[in-house]
Each structure stands twice: as structure tokens, then as C-alpha cells.
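Each residue of the sequence shown is one higher than the one before, counting from 1 in full-length UniProt numbering.
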Amino acid sequence: MNSLRPELLELTPQALTALSNAGFVKRSLKELENGNVPEISHENGALIATFSDGVRTQLANGQALKEAQCTCGASGMCRHRVMLVLSYQRLCATAQPAEKEEEWDPAIWLEELATLPDATRKRAQALVAKGITIELFCTPGEIPSARLPMSDVRFYSRSSIRFARCDCIEGTLCEHIVLAVQAFVEAKAQQAEFNHLIWQMRSEHVTSSDDPFASEEGQTCRQYVQQLSQALWLGGISQPLIHYEAAFSRAQQAAERCNWRWVSESLRQLRASVDAFHARASHYHAGECLCQLAALNSRLNCAHEMAQRDSVGEIPPMPWRTVVGAGIAGEAKLDHLRLVSLGMRCWQDIEHYGLRIWFTDPDTGSILHLSRSWPRSEQENSPAATRRLFSFQAGALAGGQIVSQAAKRSADGELLLATRNRLSSVVPLSPDAWQMLSAPLRQPGIVALREYLR
């Protein structure tokens, strides 16, 4: 049997889970094992699966999986679409030997990307104008992926752009996928073979003389940050809060006027650590506070160095806009996702008690968290594990998986869930939940972990 849809043969169960959901994939595999195999046929380039109960699913050439037509009546994704792909893969596996994997050439998609709506391409150009940096991963045998400041893109098929997925609200064929493809094309033109690369998208609208501290706002921000840093280094954080309250406020407001997201987030985190010290919080860590203070000035010094290199025609390792987080949105809406809990940490200080629960997306490997605090007077009657976050009990969240169709992620990784209309739900951790996690989060053993941490 000739392979009319090679992109479907590239979709692993992990990819199908990301493109649909884990429930559809598990049920589809179970039904196929029980002999409920649809009849596969071709008609005018479309792949058709006819099931024993009369349901007919059709996937035309050039269509994404969610765009397939199915007579089952489902308004969106369904198990029949997943079973069509799995059945087609099994049929092709028995009909012909597996072909050797060809080198991936994302340039084949440039023509198709040029036909996307003007609004999508303009949003991509706007991000490039900010000097965006994209982290590229292209390890042989693994799924090519790209990590942007607020989005992650994965290319589940090396043959069709329709099966690229972004974790933003658009999901497919968004501005982030456009930029990821462009970055891979440019990077491969300069360095044909690479496993991991940080690539700077350059815009003709950004001149080499651009300087973060040339403007009055930028210079003022740098001055206020230096004043705050000096006050903390000389006086220490044990001095009364009133001694540096004004300095914190000036620096924070200046960073926000510049719209430098990572600078303002660094200031917020440092302030939280200082407050935790004075409140005698159990989660205060001196080493962490020291790193935050040292990194504050270092970030601005690094931005200055990157701008200096750029001004003499040298391509810096990272554009200064990325270093300071220029123009980074405060939060981003996410597409449907499943998050696996990594655990919960409870804390308390002299006035409050709270918790933080960490989650990871098995699809992208990104880390998110939920954080809350309450007056300590409520702790005896309402322990942290029994408190509710977005209508879910904290203990259930810490030991479960979140499935959501309406989630948001803030710039610092805070997760925001919508609970209306049952758009988010929590299920217990499955026995193999952590087995789906990949490196570097999950390591095969102590030796591999030690090697990674070096």
C-alpha cells in the first residue's frame, strides 16, 4: 500500500495525545486491540475510515487532525479521528518496510506560511521587531521544538506544518509557529547540523546603534536599580523596611515604565525574599535572596554589553531586549493542556501561611505553579492541604493532573485556571504519569542526573 499521508506515519502516541487528549488515545488503542478496526480507504486524496457502527471519518490532504470530518456528531476532536491515524499507521507498517528518516527541511513550509492571514504575519513581525530570541531543539530521533519567551512550539510531523502545535490559545498556525519555522530555516542556513541552539531573530527595523540606556526612561531605571542594589549591599536586608521602601518603589515603577518584564519580575522576586526574611517565613532561603540581588545589576550590565557588541556589528549571544524582557506580555492564554503535579510545598510566617504547587506539561516540559496564602489565624481550622484553589482542593491538585481548556500563564509561571462551565478538571495521577516526562526533568538515574547538573 502506497503511503499517501506520510505525515500521519510520523505521529507518535505522544503526539496524538498532544493533538487530542490522553483519553482518546488510550480508548483508541484499547478498541484496536479488541478488534474494532475500521476499514481504511482513499478517495480523491482523502483518507477515509469506516467503522462497524457506520461512523465515517474523512481526513483530506492538507488538513489537520481536528479539521477532519466525522459523522459521529462530536463538535470537536473525537476518538474516531485518532483511530483513523492509528489504523492507517498499522496498515502501512504491514504493507511496506519503514523508510529511513530524511533530514528535516523546514524551508518547505515558507511558501505555505506566506499565505497565512495578514494579522498573523504582522504579529510575528512585531515580535521580531522586539529582538526576540528563540531556543531551538533538533536532536536526531526526537521531536523538533522551539521555546519562545511565552510559548512553546513542537513539530510533530516533519512533513506537514498542519501538525505543529503551540501551547498558546491559537494552538496551530499562529505567529509563534511562523517565527519558529523562520528561526529553524535561518539557523540551518548558518549551521546545518545542531542539536540545541539559541537563535536571535533580527529585524531590519532595529538599528545596530540601539541602546537600552539611550532613552531617559532606560537610564532612570538603571540609576534606580543601582541605588537600590547599593542600599541593600551596604546596609543588608536586616535593616528596617522603611530604609529601602522608597528605593524599591522607584525601581519597580521605572522598570514598568520601560516595559522591561524580566527586570520588574526580578525586583518583585527580590522584594518577596526580603519580606519573607522580615516575616521569618519558613520558605526564606538566604542563598536564593543573594542570587536575586546579584542578578539584578548583572541583568542590566549584561543588556549594556549585548547592546555594545551589537553596535560594532557583532551578533551578541542574546539581544538586550531579551535580557530585560522588553515588551513581554504579562500573561498568555493557553490552548487545551494537561499538567502533571510535581508536588507541593507549604510554608508559614508570623502573619500568613500558604503553599505552592508545581506542575509540568509533559508535552513541552514547561514548569508552572499555583501559589496562595491566607491569614495564619485560619490555619488551625483550614490547613493548607484542605484549602481550595479555583474550586479544587489543594491536596487533590498536589496529587493529581489538571486538564484544562481555559488556562492562562503569567510571565513568572503562575497558573490561572477557569472553572466555569467545567473547562478545567482534576484527575488523580496515573501510574505512568511521571514516566511521560522527558529530560532534563526526568533522568534515568543518578549518574545521568549528576552529569546534567555539572
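In this text, a Cβ means the ideal position worked out from N, Cα and C, and glycines have one as well.
Distance from the Cα of Ser-20 is smallest, within the candidate group Ser-404, Leu-453 and Ser-311, for Ser-404.
For the 9 Å CB-CB criterion, Ser-157 and Leu-11 form a contact. Under a 10 Å Cβ-count criterion, Ser-75 is classified as exposed, with fewer than 16 other Cβ atoms of the shown protein chains found around its own Cβ. The beta carbons of Ser-341 and Ile-328 sit no closer together than 9 Å.
Here Met-318 carries a coil assignment [DSSP, helix/strand/coil].
The beta carbon of Glu-112 lies closer than 8 Å to those of Ile-161 in the same chain, with the five residues before and after it left out. Cβ-Cβ distances below 8 Å link Ile-198 to Thr-133, Ile-134, Glu-135, Leu-136, Pro-317 and Met-318 in the same chain, with the five nearest sequence neighbours on each side left out; the list follows chain order. Three or more beta-carbon pairs separated by less than 8 Å link the region 383 to 401 to the region 341 to 356, which places the two stretches in contact. Going by beta carbons, Trp-233 and Val-324 fall outside the 9 Å limit.
About 6 Å separates the beta carbons of Gln-89 and Leu-9, which is inside the 8 Å limit, making them a contact pair. With a threshold of 16 other beta carbon atoms within 10 Å, Ala-180 meets it and is buried. Going by DSSP, Pro-13 is part of the alpha helix (DSSP H) stretching over 13 to 19. Ranked by how close their Cα comes to the Cα of Gln-182, the residues Arg-450, Asn-34 and Trp-109 have Trp-109 in first place.
In the DSSP assignment, Pro-428 is bridged to Gly-400.
In the structure shown, Val-37 falls within a coil segment according to DSSP collapsed to helix, strand and coil.
For Met-344, the enclosing beta strand (DSSP E) covers residues 337 to 348. The C-beta of Ile-402 has 16 or more other C-beta atoms within 10 Å across all chains shown, which makes the residue buried.
Trp-347 is the residue among Trp-347, Gly-235, Cys-70 and Met-150 whose C-alpha sits nearest the C-alpha of Ala-281. Gln-58 counts as buried, since at least 16 other C-beta atoms from the protein chains shown sit within 10 angstroms of its C-beta. Under DSSP, Val-153 shares a beta bridge with Ala-146 and Cys-166. Closest option to Thr-322, judged by alpha-carbon separation, among Ala-192, Ala-68, Ser-87 and Met-201: Met-201.
Counting along the chain, the unbroken beta strand (DSSP E) around Phe-359 starts and ends at 352 to 360. Nearest neighbour of Arg-271 by Cα position, chosen from Val-312, Ser-298, Arg-309 and Val-225, turns out to be Val-225. Arg-268 has its alpha-carbon roughly 37 Å from the corresponding atom of Asp-432. Contact holds between the region 303 to 310 and the region 209 to 218, because three or more Cβ pairs, one in each stretch, are under 8 Å apart.
Apart from sequence neighbours up to five positions away, the residues of its chain that approach Gly-218 with a beta-carbon distance below 7 Å are Pro-212 and Cys-258, ordered along the chain. Val-85 sits close to Leu-16, with the two beta carbons spaced by under 9 Å.
For Ser-371, the enclosing beta strand (DSSP E) stretches over residues 367 to 375.
Following the DSSP letters along the chain, one finds Lys-66 in no beta strand (DSSP E), marked with neither H nor E. It is roughly 12 Å from the alpha-carbon of Ala-406 to the alpha-carbon of Phe-390. The beta-carbon distance between Leu-116 and Val-37, rounded to whole angstroms, is 37 Å. This is too long to meet the 8 Å contact definition. Under the criterion of beta carbons closer than 8 Å, Arg-79 and Phe-163 do not qualify as touching, at roughly 18 Å. Closest in alpha carbon position to Arg-123, among Glu-175, Arg-454 and Ala-22, is Glu-175. Annotation: the continuous alpha helix (DSSP H) that includes Thr-220 extends over 216 to 235.
The three-state reading of DSSP puts Glu-380 in coil, since its state is none of H, G, I, E or B. Burial state of His-336 is buried, judged by a 10 Å Cβ sphere holding 16 or more other Cβ atoms.
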